[in-house]
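Colleague: In the working numbering, the protein residues as written are 237 to 1103.
Have a look at this one:
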């Protein structure tokens, strides 16, 4: 029996149209008000104004480009007061309604020209907004600009968590335990915050109330920032924060014992003065012991920043330079091979005590206390790049060369046998073979140039965003932080020495000018979520700020180099050459887990209609006869989870669906291992025609790569096999599950890392929409002939979901299943009155959206059951 479709009443449609009209009027009024503010600012600035705002990354740049400021104000007022006064008057142009309650002071920086920059973090109902920071720029003449990220649309966002803080911490600890099962983990800090998905990977994400949980290890080699949805409990994001004055302490093998060298101690090696950008001293190639290297290179990095920029120490908060300690740890094979900054100390494995590596790691500390770039996607690539840039700058000006550098000639490029702009050329032979990267020519750093007989492996680094085939689009390595860093690296090297690339001529501006422009950008313009396009803006603004300003060189002496309009033209040329402002979103194709239902292609050609042989919609409210549910518990704890028919469906989906919960519990430890798989088997279905199909609507929202589900089939009573990826016409599997120790033969809780799901290593639907903790519904279509099923054969389907020993998200919903074929419409084919869709099948939009979808798929026929 079907329920006839009931169109909306005219009164309802009138209400909708009136609401839409009111919304349009309000939006128009808001746009008009913003235009009026911008017009006032343009008049104030003598028509020399630049205004750029982007919704995708919530970025705003509003700047006077001439001599007149945006607003002439009282320069005797405190900088923070000047900033808030300006934003209270003109903040609406970038979405601010009440600056005093939406922004909190983070720090104030002063540049070489005397300009001041007020850094303000966004808050919502006193909760921090992740990565959102505005900087108000000012001179003695007035406010000159505002730039940064301000997240909109927070009105109405919940501010009270639905899950307890302790539950979020438990989720975070379990998540980190999966990747570091042998580490002793603890929660360092937890805070409730607002998280805007998409700021880092550049997709248009949503706003969440979330917990930020920082998980660390006792050894200091784990520092994971886990973002947990405070409403649903799922993990939205997980960020590795291990970033792979002169008061130095050198430890070995860890900080549990007293340091082996301290500042000025009798056993401390003599410091080596910087020499400038010239050939190295051959005598410096005599090997030193690693502890001495760590001491000397940490001090040399301190000198580099102090001489060039007057930066006395890396901590730019209220910590006095004399109270800052440069702690370095020589690890003796602990967490090796690697070198990293962990927020407290720099840490080095054997063979990693090279000058540019040590300076690279200490530069991560300077980054943390200036722009605080988040270690993921483009902001993470910039984080790595800034360490490469200043690490290699130190390498080129310290007059030192390591033992491995004896085969290279300082001052020549790598393709000519030299090491200029090559990072890590002084590493041990094994480390160098793995980790060398070339800032000068990243795309062409190939295996044909051996170092001491060892081939240099191609790192696959990109020299540009779009034209380079090596730009990394995946989520591994924090979204390519060590790969895509090559783009800004390349720009810096070309600016220093000059080069033609991508059809653009970049004049050489020299090291002093380039270093000052980049440091000015990181200190006064860039924010935690700065991406490549914002980086280009920051560099060009910094260059403009520094025109005619006296600079110092790497020795701390006044430099004859002066930044001019020609310098800034070179910066703009470098940004153009490496395509810094081009968005890789289309190139990378960030996709949802399932393409939306509304985009599903028609099942049949225009002259044919879908004819059902079998369908199920679960509207009876119970599991129908012929369907079976089973489970395979491989852990030591059974939570009683099973497939069930539910009516409370996520998103705009209405009616009922089958559901399997992805439990957020478990501990991945004895007594709390919830590893299991759950099967939902269909009745045996007879296939009536060749070229038949199987279509179903579903929503997957699970812990990515550890939990997930797939579709299996049994042909003519045979064993169940996984439906292969090539059998899907639409919305096939999105990943392969992580492997690991696999299913546990006896429920003993023997978790040892990896994926303990019984479905480990299988292709599956897993996770959620990229960059989100939520997913949406989609329709998958399987071609039965790809399974070997034709007319007269029988087939049964199994929906199987597997989970590992702990953590989860929401689960798997399955609805509107249909096995059928395409044919000519006729009453005996079962079309007739079934063309009218039942009310419970109507989807998003309540009317036209759902009706259009049903027209595409013929899903009205799914209500006819054959059991």
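Yeah, the Cβ is synthetic: ideal placement off N, Cα and C, and Gly gets one too. Small disclaimer: the values here were computed from a predicted structure and weren't measured.
At the level of alpha carbons, what is the spacing between residue 460 and residue 567?
Modeller: So the two alpha carbons sit approximately 20 Å from each other.
Colleague: Under a Cβ-count criterion, where at least 16 other Cβ atoms within 10 Å of its own Cβ denotes burial, should residue 562 be classed as buried or exposed?
Modeller: It counts as buried.
Colleague: Per the DSSP calculation, residue 929 is bridged to which residue(s)?
Modeller: BP columns for residue 929 point to 1019 and 1056.
Colleague: Roughly how many angstroms lie between the CA atoms of residue 804 and residue 780, to the nearest whole one?
Modeller: Going from the Cα of residue 804 to the Cα of residue 780 covers about 7 Å.
Colleague: Please name the residue in 709, 784 and 677 whose C-alpha comes closest to that of residue 736.
Modeller: Answer by Cα proximity: 677.
Colleague: Spatial neighbours of residue 366 within its chain, please: CB distance less than 6 Å, with the 5 preceding and 5 following residues excluded, ordered by chain position.
Modeller: Cβ neighbours of residue 366 beyond the five flanking positions: 429 and 431.
Colleague: Would you mind stating whether residue 1007 and residue 479 have Cβ atoms separated by less than 7 Å?
Modeller: No, they are not a contact pair.
Colleague: By the three-class DSSP mapping on this structure, what secondary structure does residue 984 have?
Modeller: Residue placement at residue 984 is flagged as unreliable, the pLDDT there being 31, under the threshold of 50; a coordinate-derived value is accordingly withheld.
Colleague: Return the Cβ separation of residue 339 and residue 370 in integer angstroms, given the expectation that the two are a contact with Cβ distance under 8 Å.
Modeller: Their Cβ separation, rounded to whole angstroms, is 7 Å, which keeps residue 339 and residue 370 in contact under 8 Å.
Colleague: One question on the structure: do residue 197 and residue 631 come within less than 7 Å of each other, judged by their Cβ atoms?
Modeller: With the chain covering only 237 through 1103, there is no way to say anything about residue 197.
Colleague: In its own chain, which residues sit with a C-beta less than 7 Å from the C-beta of residue 818, not counting the 5 before and 5 after it?
Modeller: Within the same chain, residue 818 has close Cβ partners 701 and 702.
Colleague: Nearest to residue 616 by alpha carbon, out of 882, 720, 815 and 894?
Modeller: Ranking the options by Cα distance to residue 616, first place goes to 720.
Colleague: Going by DSSP, what residues sit across from residue 912 in a beta bridge?
Modeller: In DSSP, residue 912 forms a bridge with 869 and 1039.
Colleague: Less than 7 Å between C-beta atoms, sequence neighbours within five positions excluded: which residues of the same chain meet that for residue 882?
Modeller: These residues qualify, in order along the chain: 892, 893 and 895.
Colleague: Note the first and the last residue of the continuous alpha helix (DSSP H) segment covering residue 616.
Modeller: It spans 613–633 - the alpha helix (DSSP H) in which residue 616 sits, taken as one unbroken run.
Colleague: What are the boundary residues of the beta strand (DSSP E) that residue 312 is part of?
Modeller: Unbroken run through residue 312: none, as it is neither H nor E.
Colleague: So residue 966 and residue 1016 are in contact, right, with Cβ under 8 Å, and what is the actual spacing, rounded?
Modeller: Indeed, because the Cβ distance is near 6 Å, the residues count as touching under 8 Å.
Colleague: Within the continuous alpha helix (DSSP H) that includes residue 782, where are the two ends?
Modeller: First-last for residue 782: undefined, no H or E at that position.
Colleague: When burial is assigned at 16 or more other CB atoms within 10 Å of the CB, is residue 362 buried or exposed?
Modeller: When all chains shown are included, residue 362 counts as exposed.
Colleague: Please report how far the alpha carbon of residue 863 lies from the alpha carbon of residue 917, in whole angstroms.
Modeller: Between residue 863 and residue 917, the C-alpha separation is close to 6 Å.
Colleague: DSSP on residue 484, reduced to helix/strand/coil?
Modeller: Note that residue 484 scores a pLDDT of 44, beneath 50, so its modelled location is shaky and nothing firm can be said.
Colleague: Quick test of the definition: if touching needs 3 or more C-beta pairs under 8 Å, does the region 1034–1044 touch the region 813–830?
Modeller: Result no; under three Cβ-Cβ pairs closer than 8 Å.
Colleague: Please name the residue, chosen from 954, 705 and 295, that lies closest to residue 435 on a Cα-to-Cα basis.
Modeller: It is 295 whose Cα lies nearest to the Cα of residue 435.
Colleague: Could you spell out where the alpha helix (DSSP H) holding residue 598 opens and where it closes?
Modeller: Element bounds for residue 598: 591–605.
Colleague: Taking the CB atoms as reference points, tell me whether residue 930 and residue 1055 lie closer together than 7 Å.
Modeller: Yes.
Colleague: Please report the residue range of the beta strand (DSSP E) in which residue 880 lies.
Modeller: Element bounds for residue 880: 880–882.
Colleague: Are the beta-carbon atoms belonging to residue 511 and residue 635 less than 7 Å from one another?
Modeller: Yes, these two residues count as a Cβ contact at 7 Å.
Colleague: Is the region 707–721 close to the region 778–797, with three or more CB pairs under 8 Å?
Modeller: In short, these stretches do not touch, since the Cβ pair count stays below three.
Colleague: Let me check one thing: in DSSP terms, what residues is residue 270 bridge-paired to?
Modeller: The partner list for residue 270 (beta bridge, DSSP) is empty, contrary to what the question assumes.
Colleague: Looking at the secondary structure, which residues open and close the beta strand (DSSP E) in which residue 531 lies?
Modeller: Per DSSP, residue 531 belongs to no beta strand (DSSP E); it is in the alpha helix (DSSP H), 526–545.
Colleague: For residue 892, name the three-state secondary structure that DSSP assigns.
Modeller: The answer is coil: DSSP assigns residue 892 none of H, G, I, E or B.
Colleague: The alpha helix (DSSP H) spanning residue 755 covers which residue range?
Modeller: Residues 747–760.
Colleague: Select from 309, 284, 308 and 313 the residue whose C-alpha is nearest the C-alpha of residue 300.
Modeller: Ranking the options by Cα distance to residue 300, first place goes to 284.
Colleague: Bridge partners of residue 1045, per DSSP?
Modeller: According to DSSP, which records beta bridges pairwise, residue 1045 is partnered with nothing at all.
Colleague: Assuming residue 849 is part of the beta strand (DSSP E), what are its boundary residues?
Modeller: From DSSP, the beta strand (DSSP E) with residue 849 extends over 845–852.
Colleague: Sort out for me which residues DSSP pairs residue 735 with in a bridge.
Modeller: Residue 735 pairs with 742.
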